[in-house]
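Notes follow the structure.
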């Protein structure tokens, strides 16, 4: 066996972890492929899906994990606890699974208010109850003051994949339509508006929500779904790019069809940010065959989390993973993978 | 949205493109000065809508791009100190100095904070009396009033721990430099709407007369830019080298008098080096001597910083509109947004980054 002793990331790149390595863009992708996949790679992990799908005694399971370090811990429209429960549920949903059990690990900074922890725990219980999942195991660690940032939460989840459903970027076909269940960029802007140094007044709330109920309704009318993805960190653009590149297809989206509130648009204009790259926590992209689109849209629009569902684009060709957008003025531009964190610009 | 959706309207864009096509009889090269306009042009593929006779070239108006390497190195030197909280607009943090960028300083333990307004940096100084808080005051005339206001506020609050690292640049001297030699193939300019919001456009009239070029003050939305191009092409075809104002919903001829008053109180004009271009006389602002206590270059001992730009990088020629980013041998290869060799690949307003994000696959 040959051991690789040197770091496989080339020297010309950063030799320390930057925040952008966690931003969901190309630096994150680089870290995953060159460090983690390089050593952990296997048939499940290599698919780089929201979770792993595997079979035990004839039953297909989905398994996923995610850590939550959001700052501030409490934000408009939610808190770190319900985000952690909903996020893991949504990752299971995107694997085509019915979420069943969740674990939770707390890393708490010394000095954190018990009352705040209580509020977080109540919201986690509420989120789990709403989504009909059980929190079945957990862990607690306390770190010295200054060694953490209030509270970090890890959740893992397990679910059973719906029969007859085969979710994989490999199944994406030319002609598939792309459905989105509502307005984008609300979570990211809600968080950003409360960050130190960037505070601005807004009524925008995080869209954090568990999507299993919505997807259950969809699956009642169609199983012709190639892929589902929750466009969280890195936003809509990153999720579409990931799918385009693993499915080896060209995707076209239509700017005028992408739902976005005026308030979010305004905040993005002021800060110089592109809403396509801003995080969502209650949105889902569904790649489905065109003939089923109408009935899928109809059930989605009847669900509280899908009232504004719409077709935002289409898989137009095979290719090397390209996302383009018909702009509002009728031209076409590339929607690229973001390279790092989006930074508010000077003027 | 009022003032937004109507300036991104498909029908208006199509109509304007048609009108430009109808009036353009000759080949014209038009330079948009501002990086915000460059970004819009590429983001909306405005060039696709124009007839072949009209060439758009991109000017030096990206503040991140033209901030000299020495200044970035000075910022890095200051930000690396234990007694400093270094504050900056977001997009300066990733600009490469000769060895590091400010985000790497942060990863190495430096207290580097992104702020949206220099006034927030003053608040940080108030809240951290034990630290020296420095704000990286870069930008064109647009950001100068807020940066000047931060200094005035700090003085009236009696703060002894606030200073700015000042690297302001000015548009009219850059136009003069371009026209007097660097790139005299330019037939007309779209002037930067936000700069003119502050300064007005009186200063552009003598330039227009001297070099016989139309200069159209232009906004940033796609319809603004198409209207700006339309006005500029009309003036060129009619042989009228004058200054016109497309962005009249925001820009007044005399500018914003209050903002100009702040600038004149705090800053004075100085020679300034532009990254990739070189020294342009009287092309920047520095703090007046009476504000020396707020001048980071005078407070910190920064020594002599001598730097070299990577040889392969053609940022200078790109910033002068002499070459397109696509003509650079390093574009998309050695130089990418993750590993930028020159500043135009960093900021979203830099021409190289705009081409990389919106055009690269089309080219490949």
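Residue numbers (my numbering), protein chains in the order written: chain F, 1 to 347; chain Y, 1 to 364.
In this text, a Cβ means the ideal position worked out from N, Cα and C, and glycines have one as well.
query                                                                                                                                                                                       : result
Counting pairs of Cβ atoms below 8 Å between the stretch 173-182 of chain F and the stretch 150-164 of chain F, do you hit three or more?                                                   : no
Relative to the alpha-carbon of residue 25/Y, which residue among 301/Y, 306/Y and 230/Y has its alpha-carbon at the smallest distance?                                                     : 230/Y
With a CB to CB cut of under 6 Å and the five nearest residues on each side skipped, what residues in its chain are close to residue 262/Y?                                                 : 145, 148 and 149
Going along chain Y in order, which residues have a C-beta closer than 9 Å to the C-beta of residue 129/F?                                                                                  : The premise fails here: residue 129/F is roughly 38 Å from chain Y at the closest Cβ pair, so nothing lies under 9 Å.
Between residue 30/Y and residue 174/Y, is the Cβ-Cβ spacing less than 9 Å?                                                                                                                 : no
How would you call residue 87/Y, buried or exposed, if buried means at least 16 neighbouring beta carbons within 10 angstroms?                                                              : buried
Could you name the residues of the same chain whose beta carbon sits closer than 8 Å to that of residue 295/F, not counting the 5 residues immediately before and after it, in chain order? : 221 and 222
Whole angstroms is fine: what's the gap from residue 85/Y's alpha carbon to residue 89/F's?                                                                                                 : 40 Å
Which of helix, strand or coil does DSSP assign to residue 149/Y?                                                                                                                           : helix
Can you grab the Cα-Cα spacing for the pair residue 58/Y / residue 74/F, in whole Å?                                                                                                        : 44 Å
Could you tell me which of 114/Y, 201/Y and 318/Y sits nearest to residue 62/Y, measuring between CA atoms?                                                                                 : 318/Y
Per DSSP, what kind of secondary structure is residue 98/F in: helix, strand or coil?                                                                                                       : strand
Going by the beta-carbon positions, is the gap between residue 143/F and residue 108/F smaller than 9 Å?                                                                                    : yes
Measuring alpha carbon to alpha carbon, tell me which residue in 17/Y, 192/Y and 236/Y is nearest residue 213/Y.                                                                            : 236/Y
Going by the CB atoms, is the gap between residue 284/Y and residue 168/Y shorter than 9 Å?                                                                                                 : yes
Note down, in chain order, every chain Y residue with its Cβ under 8 Å from the Cβ of residue 316/F.                                                                                        : Those within 8 Å of residue 316/F in chain Y number zero; the least Cβ separation is about 14 Å.
So, is residue 240/Y buried or exposed, given that buried needs 16 or more other C-beta atoms within 10 angstroms?                                                                          : exposed
I need the boundaries of the beta strand (DSSP E) containing residue 283/Y, first residue and last residue.                                                                                 : 278-287
Whose Cβ in chain Y lies nearer than 8 Å to the Cβ of residue 163/F?                                                                                                                        : Simply none; closest approach about 39 Å.
Since residue 13/Y contacts residue 56/Y with CB under 8 Å, what's their CB separation in whole angstroms?                                                                                  : Actually they are not in contact, since the Cβ atoms of residue 13/Y and residue 56/Y sit about 15 Å apart, beyond 8 Å.
Do you know how far the Cα of residue 42/Y is from the Cα of residue 94/F?                                                                                                                  : 34 Å
Give a yes or no on whether the C-beta atoms belonging to residue 75/Y and residue 122/Y are separated by under 9 Å.                                                                        : no
Report buried or exposed for residue 126/F, applying the criterion of at least 16 other Cβ atoms within 10 angstroms of its Cβ.                                                             : exposed
Can you check whether the C-beta of residue 252/F is within less than 9 Å of a C-beta belonging to chain Y?                                                                                 : no
What's the gap between the Cα of residue 309/F and the Cα of residue 152/Y?                                                                                                                 : 50 Å
Taking DSSP as the reference, what is the three-state secondary structure of residue 364/Y?                                                                                                 : Any reading at residue 364/Y must be qualified, since the residue scores a pLDDT of 42, below 50, and its modelled position is unreliable; no value is offered.
Tell me whether residue 8/F sits in a helix, a strand or coil according to DSSP, three-state version.                                                                                       : Reliability of the predicted coordinates at residue 8/F is poor, the pLDDT of 48 falling under 50, and no value is obtained from them.
Which chain F residues are close to residue 10/Y, counting only those with a beta carbon under 7 Å from its beta carbon?                                                                    : 328, 329 and 330
On the CB-based measure, 16 or more other CB atoms within 10 Å of its CB, does residue 344/Y come out buried or exposed?                                                                    : buried
Should residue 218/Y be labelled buried (16 or more other beta-carbon atoms within 10 Å of its own) or exposed?                                                                             : buried
Could you please give the first and the last residue of the uninterrupted beta strand (DSSP E) stretch that includes residue 153/F?                                                         : 151-161
With three or more beta-carbon pairs closer than 8 Å as the criterion, would you say the stretch 108-123 of chain Y touches the stretch 89-100 of chain Y?                                  : yes
What runs of the beta strand (DSSP E), each 3 residues or longer, lie entirely inside the stretch 313-355 of chain Y?                                                                       : none
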